[in-house]
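Quick note on this note's numbering: the sequence shown kicks off at 106 and runs consecutively. Working notes for the structure below.
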Amino acid sequence: MSNKDEFGAFLIGFLVGGLTGAVVSLLLAPQSGEETRSVIKERAIELRDKASETAGDVYSKAEEAANEAVRRAEELLEEAKEKAVEAKEKGQALYEEQKARLSKKITAETSGDEAELDLT
């Protein structure tokens, strides 16, 4: 969010600075009305082009950030899937181990073999 705020402040400063420079240059340069209008038109075109270029840069950076976010989300999803599979496998192994132990205890109890009956 900080980069977004900094870029917004930069863009506003850029536009205000451009306008201020154009106004100051017009006020300080002695020209006829037609020359002044021509200069204003040229400066307006330059400013429009710079604003368009800046907007294009902003769009490009936003697109890159969105693509990076999607890529990272896909990575995290894949990691989560892998961990879920690992947890399932560990749980299944633990289940099978406990099932075998319980079966062994039940068999020992029903056969009356007290030596094998270990409830720990």
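All residues carry an ideal CB built from backbone N, CA and C; glycine is no exception.
Terminal residues of the alpha helix (DSSP H) in which residue i lies
i, result
"Ser143", "138-216"
Candidates the options, of which the one nearest residue i by Cα
i, options, result
"Glu111", "Val163, Arg142, Leu132", "Val163"
"Thr125", "Arg148, Leu181, Gln203", "Arg148"
7 Å Cβ shell around residue i - same chain, five flanking residues per side excluded
i, result
"Ala189", "none"
"Glu187", "none"
Does the stretch 155-173 come close enough to the stretch 115-122 that 3 or more CB-CB pairs lie under 8 Å?
yes
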